[in-house]
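*Asks:* According to my numbering, the sequence shown is numbered sequentially starting from 180.
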Amino acid sequence: MIVLVNEEDQNMVYLHLKADPELIAVARAHSNDMFVRGYFAHEDPDGKDPFERMKEANVHFLNAGENLALAQTLSIAHNNLMILPVIVLNSSTRFWPHRHWYIDGGFYGLMISQEFRD
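#1: Report the three-state DSSP secondary structure of Phe295 (helix, strand or coil).
#2: So, do the region 250-260 and the region 199-219 have three or more beta carbon pairs nearer to each other than 8 Å?
#3: Specify the secondary structure class of Ala198 as computed by DSSP and reduced to three states.
#4: I'd like to confirm the pairing. Which residues does DSSP put opposite Ala243 in its beta bridges?
#5: From Gly285 to Asn242, what distance separates their C-alpha atoms?
#6: Give every residue of the same chain whose Cβ lies closer than 7 Å to the Cβ of Pro224, excluding the five residues on either side of it in the sequence, and list them in chain order.
#7: For a quick check, are the C-beta atoms of Glu222 and Asp228 less than 8 Å apart?
#8: Under 8 Å between the Cβ atoms of Phe230 and Asp297?
#9: By DSSP, does Ile262 sit in helix, in strand, or in coil?
#10: Mapping the DSSP letters down to three states, classify Ala220 as helix, strand or coil.
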């Protein structure tokens, strides 16, 4: 997904993006939890949102967010996520959400969580 997003960035004026190991761990755990417990939401069945999950993992941020996708392929998920609005932090800083992990659910597709922070 990062490769696909960065290819998209070549056509626009956004930052070149790279993986964030701390957020990958948070995203991977959330994707896995959604498959194991059978839900698809930013808030888990215990009521925790992405920001609480990040804080519990000691991930520091001023601004953060999460995108979710369940799709048969990375390409389909990427295309669906790219139609979402661009994140605008201020007039000169814009980026696409990108830090992600996915879980292969076989027949059900890929559960993709993208976590991002400033």
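For glycine and all other residues, C-beta sits at the position ideal for the given N, C-alpha and C.
*Replies:* Working from what's here:
#1: strand
#2: no
#3: coil
#4: Arg296
#5: 33 Å
#6: Arg216, Tyr218
#7: yes
#8: no
#9: coil
#10: coil
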